[in-house]
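Protein sequences, first through last, are from chains A and B.
Taking this note's numbering, the leading residue of the first sequence gets 330, the next gets one more, and so forth.
Taking this note's numbering, the leading residue of the second sequence gets 32, the next gets one more, and so forth.
What follows is a set of notes on a single structure, which appears directly below.
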Amino acid sequence: DQQVKQNSPSLSVQEGRISILNCDYTNSMFDYFLWYKKYPAEGPTFLISISSIKDKNEDGRFTVFLNKSAKHLSLHIVPSQPGDSAVYFCAASGGQGGKLIFGQGTELSVKP
Amino acid sequence: NAGVTQTPKFQVLKTGQSMTLQCAQDMNHEYMSWYRQDPGMGLRLIHYSVGAGITDQGEVPNGYNVSRSTTEDFPLRLLSAAPSQTSVYFCASSPWTASSYNEQFFGPGTRLTVL
Numbered sequence: 330d331q332q333v334k335q336n337s338p339s340l341s342v343q344e345g346r347i348s349i350l351n352c353d354y355t356n357s358m359f360d361y362f363l364w365y366k367k368y369p370a371e372g373p374t375f376l377i378s379i380s381s382i383k384d385k386n387e388d389g390r391f392t393v394f395l396n397k398s399a400k401h402l403s404l405h406i407v408p409s410q411p412g413d414s415a416v417y418f419c420a421a422s423g424g425q426g427g428k429l430i431f432g433q434g435t436e437l438s439v440k441p
Numbered sequence: 032n033a034g035v036t037q038t039p040k041f042q043v044l045k046t047g048q049s050m051t052l053q054c055a056q057d058m059n060h061e062y063m064s065w066y067r068q069d070p071g072m073g074l075r076l077i078h079y080s081v082g083a084g085i086t087d088q089g090e091v092p093n094g095y096n097v098s099r100s101t102t103e104d105f106p107l108r109l110l111s112a113a114p115s116q117t118s119v120y121f122c123a124s125s126p127w128t129a130s131s132y133n134e135q136f137f138g139p140g141t142r143l144t145v146l
């Protein structure tokens with residue numbers, strides 16, 4: 330029972346264009362959502378988050394959108410840069426002070 | 032600050048052997064956790080702790096033990112390694128409040144192979 334799903338294992342985008350990574354969840358009790366970025370041989374690093382009381386959060390080139398009725402969130406990267414090439418994990422928390430449920434990850438490749 | 036450190040970086044075990052994966056943080060975080068990452072599965076929570084002397088199970092706790100005697104350290108023990116425990120293990124820490132979420136900081140990982 331995968332509560333957080335990233336259905337696209339990989340995504341390839343041209344430098345300068347928009348990257349859109351998608352994530353779906355099933356548990357309506359989740360109240361906080363996060364995106365983590367992971368380079369090979371390193372631990373995940375926090376990228377951006379959104380509370381369930383909001384529908385958008387922006388930080389520089391990164392924007393996360395939350396659609397609660399569809400139980401869907403997305404990460405937009407504009408413009409995409411080759412250094413953005415990494416695996417992106419979507420994660421959700423149910424307000425239990427730290428427990429995270431992760432999606433399977435999407436590997437983003439940004440081509441020069 | 033060193034952040035979250037993990038040792039060793041790589042380990043090969045034979046089936047049935049035991050070992051301890053070490054995790055330490057110098058940020059005075061109350062919350063610490065262990066995840067395993069497997070292809071196509073994302074990161075899955077093994078065990079977590081909200082403070083010294085307090086631990087609890089995550090999604091996939093079987094085959095693993097933890098203890099938390101200090102705020103800084105949170106070792107993960109494999110009592111009798113099995114090939115199914117071949118994975119990359121990540122330790123993470125964060126401040127902790129019961130009613131809200133705090134960003135977790137991850138260590139660099141330990142790649143474990145069980146033959």
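Ideal Cβ placement from N, Cα and C applies to all residues, glycine included.
The structure presented is a predicted model; accordingly, all values stated were derived computationally and were not measured.
In the assembly as shown, B/S125 is a buried residue. Its beta-carbon has 16 or more other beta-carbons within 10 Å. Between A/S380 and A/F394 a beta carbon distance of about 13 Å is seen, past the 8 Å cut, so the two are scored as non-contacting. Here B/G94 is not near B/L76, since their CB atoms are 8 Å or more apart.
Interface annotation, B/M72: in contact with chain A, CB-CB separation under 8 Å. B/R142: member of the beta strand (DSSP E) spanning T141 to V145, first to last residue. The Cβ of B/G47 sits no closer than 8 Å to any Cβ of chain A. The beta carbon of B/Q88 sits no closer than 8 Å to any beta carbon of chain A. When only Cα atoms are considered, B/C122 and A/C352 end up about 24 Å apart.
Rounded to the nearest whole angstrom, the C-alpha separation of A/V416 and A/K367 is 5 Å. In this structure, B/P106 lies away from B/Q37, with their beta-carbon atoms at least 8 Å apart. The Cβ atoms of B/Y79 and A/K428 sit closer than 8 Å to each other. In this structure B/L109 is in contact with B/M50, their Cβ atoms being roughly 6 Å apart against a cut-off of 8 Å. Look at the region 340–365 of chain A: the residues with a C-beta under 9 Å from a C-beta of chain B are D360, Y361, L363 and Y365. Contact check for B/G73 against A/F418 passes: the beta carbons are separated by less than 8 Å. In terms of beta-carbon proximity, A/Q433 lines the interface with chain B, with at least one pair separated by less than 8 Å. When secondary structure is reduced to three states using DSSP, A/Q433 falls in the coil class, being assigned neither helix nor strand.
Within chain A, G372 have C-beta atoms less than 7 Å from the C-beta of B/G140, given in sequence order. Within the region 50–80 of chain B, the residues whose Cβ lies closer than 8 Å to some Cβ of chain A are Y62, S64, Y66, G71, M72, G73, L74, R75, L76 and Y79, listed in chain order. Excluding sequence positions up to five before and after B/E103, its CB lies within less than 7 Å of the CB of A55, Q56 and D57, all in the same chain and listed in chain order.
A/S438 sits away from A/R346, with the two beta carbons spaced by 8 Å or more. Apart from the 5 residues on each side of it in sequence, A/E436 sits with its Cβ closer than 6 Å to the Cβ of S339 and V416 in its chain, given in chain order.
Using a CB distance cut-off of 8 Å, A/S403 does not count as an interface residue toward chain B. Residue pairing by DSSP places B/G82 opposite B/I85 in a beta bridge. Distance between B/Q116 and B/T144, taken at the CA atoms: about 8 Å.
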